[in-house]
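Let me begin by presenting the structure, written as structure tokens, before commenting on it.
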Amino acid sequence: MLGLHSTALEIAHPVTSSSPSSASSASPSGLAARPKRVLVIHYSQSGQLDSVAEQIVAPLRADPSIQVHEETLRPLAPFPFPWPFISFFDAFPESAHLKPPPLAPLSLTGDEDFDLVILPYQVWFLAPSQPVTAFLKHPLAARLLKGKPVVTVIACRNMWLLAHEKLKGMLDDVGARLIDNVVLTDPGPTLATFFTTPAWLIWGRKRGFWGMPDAGLSATQIRSSGRFGRALRDALHGDLERGTGPLLAGLGAVQANARLLISEKAGTRSFFLWGKLIMAAGGPGAWARKPLLLLYVVFLLALIVTVVPVSLTLQALLRPLFKGWLTKMTAQFECPSGSATDRSHLYDD
Numbered sequence: 001m002l003g004l005h006s007t008a009l010e011i012a013h014p015v016t017s018s019s020p021s022s023a024s025s026a027s028p029s030g031l032a033a034r035p036k037r038v039l040v041i042h043y044s045q046s047g048q049l050d051s052v053a054e055q056i057v058a059p060l061r062a063d064p065s066i067q068v069h070e071e072t073l074r075p076l077a078p079f080p081f082p083w084p085f086i087s088f089f090d091a092f093p094e095s096a097h098l099k100p101p102p103l104a105p106l107s108l109t110g111d112e113d114f115d116l117v118i119l120p121y122q123v124w125f126l127a128p129s130q131p132v133t134a135f136l137k138h139p140l141a142a143r144l145l146k147g148k149p150v151v152t153v154i155a156c157r158n159m160w161l162l163a164h165e166k167l168k169g170m171l172d173d174v175g176a177r178l179i180d181n182v183v184l185t186d187p188g189p190t191l192a193t194f195f196t197t198p199a200w201l202i203w204g205r206k207r208g209f210w211g212m213p214d215a216g217l218s219a220t221q222i223r224s225s226g227r228f229g230r231a232l233r234d235a236l237h238g239d240l241e242r243g244t245g246p247l248l249a250g251l252g253a254v255q256a257n258a259r260l261l262i263s264e265k266a267g268t269r270s271f272f273l274w275g276k277l278i279m280a281a282g283g284p285g286a287w288a289r290k291p292l293l294l295l296y297v298v299f300l301l302a303l304i305v306t307v308v309p310v311s312l313t314l315q316a317l318l319r320p321l322f323k324g325w326l327t328k329m330t331a332q333f334e335c336p337s338g339s340a341t342d343r344s345h346l347y348d349d
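One point on numbering: in this note's numbering, the residue at position 77 of the sequence shown is 77, and numbering is uninterrupted.
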């Protein structure tokens with residue numbers, strides 16, 4: 001489905017930190033160097049992004065010269081998983097309009113000082129997940145993130161381009177510096193994921209059926225994401241987070257498919273317009289929204305079987321004419337980390 005959100009992150013590990021006295025390096029004066037401090041902000045439902053984030057964070061947590069604080073985002077009204085059918089679609093109006101419900105109080109005060117921020121997030125209906133949006137709109141976000149380097153991590157089905165543009169806008173609003181973006185997408189055939197992703201999200205069935213592969217990321221994708229954590233560890237040792245360049249270049253962090261951009265724009269437009277209509281009928285869970293949601297599901301299915309294949313077919317036929325545009329868009333969406341893999345051998349298991 002257009003914008004079906006992949007599920008994500010519940011890092012079960014408690015907040016951990018390394019004592020400053022255990023730092024392995026020392027300043028010229030002989031005093032122990034201040035440990036690097038890393039903030040990990042996360043929200044999860046199924047545990048998929050949980051597993052990815054754990055692979056990235058583990059090398060940092062294991063380093064005595066790095067302190068890691070993990071902040072779990074908790075909506076006041078928890079989102080279910082698996083999602084009841086109507087509840088799933090009832091989340092799209094507020095997701096599309098970036099109007100999330102409030103979060104439970106955070107453990108952070110806003111006075112903390114971090115050297116690096118890692119922000120894993122899901123894509124919900126071609127937008128960042130509501131809990132992550134709620135955090136970035138929280139008054140503490142500007143105090144915590146202003147001027148700080150941020151590494152984003154996305155795990156989703158395959159459409160993330162416009163969601164990331166929205167997230168970049170919210171990071172700009174709080175004065176954060178996006179220095180890297182890691183994207184992991186479902187390796188299954190696009191047609192198959194139209195069936196397997198909803199089955200996972202709504203019925204909790206991750207195992208493939210009818211000859212189709214399992215939903216979500218592969219075990220290899222998740223395991224290999226540890227290379228990003230090892231690269232971040234080394235970058236922190238070299239104070240590279242203070243610079244303006246990416247820390248994960250050359251590690252195959254992201255591969256953008258600009259051919260999906262037209263479909264994403266059509267889906268985003270429909271989510272926005274229909275979302276505005278549905279929100280006018282009441283807040284989340286209101287009975288008056290349900291007939292409109294069912295009507296929208298019919299519209300969405302029609303959109304999927306018409307606009308998406310027609311768009312991809314036309315682009316395939318006209319690809320020679322749009323080659324330059326596709327190349328430009330691909331390069332734009334792969335910034336800042338890029339798709340090159342020339343350094344991967346340094347950090348692979």
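All C-beta atoms, glycine included, are put in the ideal place defined by N, C-alpha and C. Just so it is clear, the structure is predicted and the values come from calculations on it, not from any experiment.
- Taking C-beta separations shorter than 6 Å and ignoring five residues to either side along the sequence, the partners of F228 in its chain run I56, V182, L248, following chain order.
- Looking only at R61, F89, L191, the smallest Cα-Cα distance to R289 is reached by F89.
- In its chain, beyond the 5 residues on either side, R205 have a beta carbon closer than 6 Å to the beta carbon of A199.
- Within 10 angstroms of the beta-carbon of R233 lie 16 or more other beta-carbons, which makes it buried.
- Taking C-beta atoms under 8 Å as the contact rule, T197 and A219 fail to qualify, at a distance of about 18 Å.
- For A155, the enclosing beta strand (DSSP E) begins and ends at 149-156.
- Residue pairing by DSSP places I118 opposite V40, V151 in a beta bridge.
- Its chain contains G252, V254, Q255 as the residues whose beta carbon lies nearer than 7 Å to that of S339, once the 5 sequence neighbours on both sides are disregarded; these appear in chain order.
- Selection V150, P139, P128 evaluated against S337 yields V150 as nearest (Cα-Cα).
- In the three-state reduction of the DSSP assignment, Q130 falls in the helix class, which pools H, G and I.
- Of the residues L184, I202, G147, the one whose Cα lies closest to the Cα of G175 is G147.
- Assignment of D180 by DSSP, reduced to helix, strand and coil, places it in the strand class.
- Excluding residues up to 5 positions away in sequence, R37, V38, L39, H69, L144, K148 lie with their Cβ nearer than 8 Å to the Cβ of F114 in the same chain.
- Judged by their CB atoms, T133 and M159 are not nearer to each other than the 9 Å cut-off.
- Burial check for R157: the Cβ neighbour count within 10 Å reaches 16 or more, so the residue is buried.
- When A33, R259, W203 are compared, the shortest CA-CA separation from R319 is found for R259.
- DSSP places E241 in the helix class (H, G or I) of the three-state scheme.
- Going by beta carbons, A77 and A127 fall outside the 9 Å limit.
- Leaving aside the five residues that flank G282 on each side, the residues in its chain whose CB is nearer than 8 Å to its CB run, in chain order, A288, R289.
- Per the DSSP secondary-structure output, P75 pairs in a beta bridge with L103.
- Nearest C-alpha to L103 among V117, H138, F85, G110: H138.
- Within the segment 177-227, complete beta strand (DSSP E) segments of at least 3 residues are found at 177-185, given in chain order.
- Annotation: the continuous alpha helix (DSSP H) that includes S344 extends over 344-347.
- Here R242 is exposed: its Cβ has fewer than 16 other Cβ atoms, across all protein chains shown, within 10 Å.
- With respect to W274, F92 sits close: the two C-beta atoms are nearer than 9 Å.
- In the displayed model, H164 falls within a helix according to three-state DSSP.
- Beta-bridge partners of W124 (DSSP): A127.
- Going by C-alpha positions, H237 is about 32 Å away from S129.
- The closest CA to that of R61, considering only V123, R230, I222, is found on R230.
- Looking at the DSSP output, I66 bridges to K36.
- For S339, the secondary structure class from DSSP, reduced to helix, strand or coil, is coil.
- Minimum Cα-Cα distance from D239 among the listed residues W83, H345, L116 corresponds to L116.
- With distances taken between CA atoms, D50 lies nearest to A155 out of A155, V307, I179.
- Only exposed fits S107, as fewer than 16 other CB atoms lie within 10 angstroms of its CB.
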